[in-house]
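Structure first, then comments.
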Amino acid sequence: MRTTFQTAFLSVGFLSLPIGGSLRAADVVVSNLGVTPGPTSLLEDSDENPLPLGSQVSIRDFGGLSALEVADLAQAGPLTLVTASVAFGSPGSVGTGDGAAAGTIEYLVTKALAVEQDGLHLVVFNAPAPEEATEVIVLKIPGTIAADVPGFLPSFRSLAVDDMELVYGRTTSGGFAAETSGRPTTGFEAWIYDQFDPEGSPDEFFLPTSDPDDDGAENLLEYAFGSQASVADSVPRTMMRQEGAVFYLQYLKRLDDEDLNYKGWWRPDISAGSWIELTGSADPVTSAPAAAPENYGWVEQVVPTSGPWSFGRVSVQRN
Ligand SMILES: [Ca+2]
Ligand SMILES: [Ca+2]
Numbered sequence: 073m074r075t076t077f078q079t080a081f082l083s084v085g086f087l088s089l090p091i092g093g094s095l096r097a098a099d100v101v102v103s104n105l106g107v108t109p110g111p112t113s114l115l116e117d118s119d120e121n122p123l124p125l126g127s128q129v130s131i132r133d134f135g136g137l138s139a140l141e142v143a144d145l146a147q148a149g150p151l152t153l154v155t156a157s158v159a160f161g162s163p164g165s166v167g168t169g170d171g172a173a174a175g176t177i178e179y180l181v182t183k184a185l186a187v188e189q190d191g192l193h194l195v196v197f198n199a200p201a202p203e204e205a206t207e208v209i210v211l212k213i214p215g216t217i218a219a220d221v222p223g224f225l226p227s228f229r230s231l232a233v234d235d236m237e238l239v240y241g242r243t244t245s246g247g248f249a250a251e252t253s254g255r256p257t258t259g260f261e262a263w264i265y266d267q268f269d270p271e272g273s274p275d276e277f278f279l280p281t282s283d284p285d286d287d288g289a290e291n292l293l294e295y296a297f298g299s300q301a302s303v304a305d306s307v308p309r310t311m312m313r314q315e316g317a318v319f320y321l322q323y324l325k326r327l328d329d330e331d332l333n334y335k336g337w338w339r340p341d342i343s344a345g346s347w348i349e350l351t352g353s354a355d356p357v358t359s360a361p362a363a364a365p366e367n368y369g370w371v372e373q374v375v376p377t378s379g380p381w382s383f384g385r386v387s388v389q390r391n
């Protein structure tokens, strides 16, 4: 009679994977914790601060798309990026695992990864979900996964952020920094993308100094004074009002952008002398000359008089 033995054992410590072509698919850990010699690539936001705890990291499959095509998707926005790719395993987040610090990851992907692969990228957002993200880093995972790296988690195939190739974002002295993803949501940049079709318009249409509707008013002026950048008949309106012996300079002012610096000016002679800055405050008008568009209001400033004429103008500068 043969006796068989059931053997139980406890694996203690480091378990190394075989090296070379005999590697089998194994679960993956993505890390930048610096266990390998050389620089450690921190994950940073666009201001080069470490990405906060909880920022989403994921591996996504972009199939046969080129780096340029993936970068275009990243530029278009977090949701476009996600929709155009397939998730590989479940997402993780910055700061989990032994790292537990902003800008670092030890991301366990509980899905087997073959030695040879193509199309997989590490996608790192600056928020816990793509819906909330405004910036992203996209790194291409090498086509051939290196053999196990000593010091990484045993039985996991190791993917070092250092070994990845930048597709979207930028390199910094500390590692990789995110870049803005998607359309801006505030200020001039958000406004101008509502003025023109982003798909069918040349890039220069969206510059503050451009005048695509050829009405003589640059885009920034149209934004600051409540006219439309795509309609030539719609131009900034500035006017003078007289009440008794007092003159007022009136203009539409954007109410929700503190980066705009408006200044009123006057001069008694349009052909001699120079413009003088108005010293009085710009106050909301009591009776608007026309309906103000959303986010704008009419304001007026007192203009001095020193003769039969007073001329007024208003300037705007973006800080
Ligand atoms: Ca214009
Ligand atoms: Ca216009």
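So the mapping is simple: our numbering equals the position in the sequence shown, first residue as 1, plus 72.
The beta-carbon is built from N, C-alpha and C at its ideal position, and this holds for glycine as well.
When C-alpha distances from Tyr179 are compared across Gln389, Val102, Ala362, Ser346, the shortest belongs to Val102.
By the Cβ test, the stretch 322 to 337 is in contact with the stretch 287 to 298, since at least three Cβ pairs between them sit closer than 8 Å.
Three or more Cβ pairs closer than 8 Å define a contact, and the stretch 125 to 140 meets that threshold against the stretch 150 to 164. Taking C-beta atoms under 8 Å as the contact rule, Glu207 and Asp305 fail to qualify, at a distance of about 38 Å. When the beta-carbon positions are compared, Glu290 and Ser282 come within less than 8 Å of each other. In this structure, DSSP gives Trp338 an extended state, which the three-state scheme calls strand. Looking at the backbone, the Cα of Gln189 and that of Gly215 are separated by about 5 Å. With a cutoff of 8 Å on beta-carbon distance, Tyr240 and Glu251 are scored as near each other. Secondary structure of Asp133 (DSSP, three-state): strand.
What you get when you keep residues with a C-beta closer than 6 Å to any heavy atom of ligand 1 is Asp283, Asp285, Asp287, Ala289, Glu294, Ala301. Using a Cβ-Cβ distance cut-off of 8 Å, the stretch 367 to 382 and the stretch 273 to 288 are not in contact, since fewer than three pairs of beta carbons, one from each stretch, lie closer than that value. Boundaries of the beta strand (DSSP E) harbouring Trp370: 368 to 375, taken from the DSSP string. Straight-line spacing of the CA atoms in Arg309 and Tyr323 works out to 6 Å.
Residue environment for Ile348: exposed (fewer than 16 other C-beta atoms within 10 angstroms of its C-beta).
In the structure shown, the three-state DSSP call for Phe160 is strand. DSSP places Ala363 outside both helix and strand once states are collapsed to three, so it counts as coil.
In terms of Cα proximity to Lys325, the closest of Ser387, Thr351, Asp287 is Ser387. DSSP lists Leu114 as the bridge partner or partners of Gly247.
Taking C-alpha positions only, Leu114 is separated from Val195 by approximately 14 Å.
Counting of Cβ neighbours within 10 angstroms places Pro202 among the buried residues, the total reaching 16 or more. For Leu292, the enclosing alpha helix (DSSP H) covers residues 291 to 296.
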